[in-house]
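Asks: Handing you this structure, nothing more for now.
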Amino acid sequence: VFDNRGVGRSTAPALGYSLADMADDAAGVLDAAGVERAHVMGFSMGGHISTELTLRHPGRVVSLGLHHTWARNCARLGSFQRARMRLAARGEREALVELSLLGLYSHEYYDANAEVMEQKRQWLTEQSGVDLGWEGQLRACLEGDTLERLHRITVPTLVTCSDRDLIVDPHHAKEIHERIAGSRLIVMEGTGHVALIERPDAFARICHEFLASLPME
Numbered sequence: 107v108f109d110n111r112g113v114g115r116s117t118a119p120a121l122g123y124s125l126a127d128m129a130d131d132a133a134g135v136l137d138a139a140g141v142e143r144a145h146v147m148g149f150s151m152g153g154h155i156s157t158e159l160t161l162r163h164p165g166r167v168v169s170l171g172l173h174h175t176w177a178r179n180c181a182r183l184g185s186f187q188r189a190r191m192r193l194a195a196r197g198e199r200e201a202l203v204e205l206s207l208l209g210l211y212s213h214e215y216y217d218a219n220a221e222v223m224e225q226k227r228q229w230l231t232e233q234s235g236v237d238l239g240w241e242g243q244l245r246a247c248l249e250g251d252t253l254e255r256l257h258r259i260t261v262p263t264l265v266t267c268s269d270r271d272l273i274v275d276p277h278h279a280k281e282i283h284e285r286i287a288g289s290r291l292i293v294m295e296g297t298g299h300v301a302l303i304e305r306p307d308a309f310a311r312i313c314h315e316f317l318a319s320l321p322m323e
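When we follow the working numbering, the leftmost residue of the sequence shown carries the number 107, and every step to the right adds one.
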């Protein structure tokens, strides 16, 4: 796991970079670590970046996990991304964090963990990267599109989604699954976008079983 450009401890360059650029960054991380090929998994935006990594650097990826991600924005997802981008451009970080949290978790999980959600809101508002980083990443998400290139992916691929995801509807996972030959699709029930937080054991088991099923190199 590493910080993409614009978040965490990575710098926030001027606007104009893409998810493909971030995929090249990921290839650079592999180079720096001395890793020629890797099992790659990406979540949400990271899934889109992982797709681009596989398409742009196919020899570097042994297997691919695409979790709760999309290949092309639908109308609703695009509107959600644009709303968040406007908040970032205006420097309205608290509202941006609140909107994001409302989308990340299922209704049931949010209500059952209301105090934790408030703690997350405060922490994210204080610790999130600069607003330019938020805006750059959201703009990249809006412009990214791999749908018509997915058929070129030939490595073993796992695709997951959640039936109560308020950000990335399950139809996105089905679009990806239908276009990557031999891919496996798993729909997690009763969880929202961040299923790896809501049901970490179940999510980890799905990933482990997929990796364990692959032939040893």
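The beta carbon of each residue, even a glycine, is placed where N, CA and C say it ideally should be.
This structure is a prediction, so every number in the text was calculated from the model and none was measured.
Assuming the contact rule is C-beta atoms closer than 8 Å, Glu241 and Arg227 should be a hit. Round their C-beta distance to whole Å, please.
Replies: Not really, about 20 Å apart at Cβ, beyond 8 Å.
Asks: By how many angstroms is the C-alpha of Tyr211 removed from the C-alpha of Leu272?
Replies: In a straight line, the C-alpha of Leu272 is about 8 Å away from that of Tyr211.
Asks: Does the Cβ-Cβ distance between Val168 and Thr160 come in under 8 Å?
Replies: Their beta carbons are not under 8 Å apart, which means Val168 does not touch Thr160 by this criterion.
Asks: I'd like the span of the beta strand (DSSP E) that includes Ser268, first residue to last.
Replies: Note, Ser268: beta strand (DSSP E), 263-268.
Asks: Expressed to the nearest angstrom, what Euclidean distance is found between the alpha-carbon atoms of Glu232 and Gly288?
Replies: Each residue's alpha carbon lies about 43 Å from the other.
Asks: Around the Cβ of Gly152, are there at least 16 other Cβ atoms within 10 angstroms (buried) or fewer (exposed)?
Replies: Buried, by the Cβ-count rule.
Asks: Quick check on the burial criterion: 16 or more other C-beta atoms within 10 angstroms. Buried or exposed for Glu304?
Replies: It counts as buried.
Asks: State the beta-bridge partners of Ser169 as determined by DSSP.
Replies: Answer by DSSP bridge pairing, in chain order: His145.
Asks: Can you check the segment 186-216 for any alpha helix (DSSP H) of at least 4 residues that lies completely inside it and give the ranges in chain order?
Replies: Within the segment 186-216, the complete alpha helix (DSSP H) runs of at least 4 residues are 199-210.
Asks: Using only alpha-carbon positions, find the residue among Ala218, Gly209, Gly134 that is nearest to Arg270.
Replies: Cα-wise, what sits closest to Arg270 is Gly209.
Asks: In this structure, does DSSP put Arg305 in helix, strand or coil?
Replies: Coil at Arg305, not helix or strand.
Asks: Would you call the segment 281-295 in contact with the segment 259-266, where contact means no fewer than 3 C-beta pairs closer than 8 Å?
Replies: In short, these stretches touch, since the Cβ pair count reaches three.
Asks: Give every residue of the same chain whose Cβ lies closer than 7 Å to the Cβ of Leu136, excluding the five residues on either side of it in the sequence, and list them in chain order.
Replies: Ala144, Arg166.
Asks: Arg178 by DSSP, collapsed to three states: which one?
Replies: In this structure, Arg178 counts as coil in the three-state DSSP scheme.
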